[in-house]
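Here the structure comes first, spelled out in structure tokens, and everything after it is commentary.
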Amino acid sequence: MAKFRLHTFRIVFGLAAVTLLASACAMTSPPMRFYLLSTIEDAAPTVAAPGEALVVVGPMQLPGYLDRRELVVRQPDGRFSLREFDRWGEPLDELLTNTVTANLVRLTGSHRVAAFPLPGRASADLRIVGRVLRFDADASGLAMLEVQWSILDASGEPRMPVRIDAYRAQASGTDTAALVAALSDVLAQFSRQLAGELLLAAGAGAAPDDAP
2 MAKFRLHTFR IVFGLAAVTL LASACAMTSP PMRFYLLSTI EDAAPTVAAP GEALVVVGPM
62 QLPGYLDRRE LVVRQPDGRF SLREFDRWGE PLDELLTNTV TANLVRLTGS HRVAAFPLPG
122 RASADLRIVG RVLRFDADAS GLAMLEVQWS ILDASGEPRM PVRIDAYRAQ ASGTDTAALV
182 AALSDVLAQF SRQLAGELLL AAGAGAAPDD AP
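Note that my numbering gives residue 93 to position 92 of the sequence shown, counting from 1, and the numbers run on in steps of one.
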């Protein structure tokens with residue numbers, strides 16, 4: 002009986018120790034922090050709207066290294082590090098597409114700009130498609146967006162040649178909030194270029210007034 006009690010005591014003591022250790026780890030782990038990209042805050046449109054064209058943004062494909070919730074920081078030797086407790090508030094491909102869409106609405110003043118996919122059976126007059134090649138910040142706080150993109154018409158034909166552009170912004174610090182702000186900045190630069198190209202693409206598809 003004494004041996005049974007001793008064995009039982011050891012089991013109970015062991016379980017209690019495991020519980021205390023787990024509780025201590027939970028108490029010392031930092032909380033998760035979630036981030037969203039910021040949209041352009043300009044008070045008024047800066048580019049003319051592309052007529053009555055319905056513009057759809059997306060899909061915007063991401064490279065494999067960005068297909069995760071954790072924020073990625075590029076290291077000087079080419080490695081990537083993950084900020085385990087700093088995460089995107091939604092899937093990054095959706096967040097990026099939605100942010101560009103909101104930027105274009107603000108820049109053009111047009112509400113005929115929507116994110117992919119469109120609900121129902123609506124079809125786009127112009128569609129912005131792209132493949133993100135790089136979207137991250139390095140350890141010094143330099144944020145960079147490199148993207149391959151084009152604008153397609155309703156039939157899927159390109160209105161402009163496929164191009165690759167790169168945008169840079171220096172963060173005010175190396176904390177995560179500063180890096181996210183710089184990433185929002187490079188996305189705003191891309192959005193401003195898109196707004197101007199959309200106007201040209203919409204005009205390229207319009208019939209001239211003096212056409213026979």
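Even for Gly, the Cβ is constructed at its ideal location relative to N, Cα and C.
### Task
State the Cα-Cα distance for the pair F86 and A202, rounded to the nearest angstrom.
42 angstroms
### Whole-angstrom C-beta distance between R88 and M145, which should lie under 8 angstroms
Not confirmed; about 20 angstroms, so no contact.
### Query
Where DSSP assigns a beta bridge to V148, which residues make up the other side?
V133 and D166
### Message
On the DSSP letters alone, give me the boundaries of the beta strand (DSSP E) that E71 sits inside.
### Response
E71 to R75
### Query
Name the DSSP bridge partner or partners of L127?
V56 and D154
### Endpoints, beta strand (DSSP E) assigned at A50
Where A50 is concerned, there is no enclosing beta strand (DSSP E), given that its DSSP letter is neither H nor E.
### Message
Can you confirm whether the region 135-151 touches the region 56-71 when touching is taken to mean that 3 or more C-beta pairs between the two stretches lie within less than 8 angstroms?
### Response
For the pair of segments examined, the region 56-71 was found to touch the region 135-151: the number of CB pairs separated by less than 8 angstroms reaches three.
### Task
Tell me, to the nearest whole angstrom, how far the beta carbon of T175 is from that of G197; I am working on the premise that it is less than 8 angstroms.
Contact doesn't hold; Cβ gap of about 32 angstroms is too wide.
### Task
Mark Y66 as exposed unless 16 or more other C-beta atoms lie within 10 angstroms of its C-beta, in which case mark it buried.
By the 16-neighbour rule on beta-carbons within 10 angstroms, Y66 is exposed.
### For L93, the three-state DSSP class (helix, strand or coil)
If DSSP states are grouped into helix, strand and coil, L93 belongs with the helices.
### Task
Would you mind giving the Cβ-Cβ distance between R107 and D43, rounded to the nearest angstrom? I have them listed as a contact below 8 angstroms.
That pair is a contact at about 6 angstroms.
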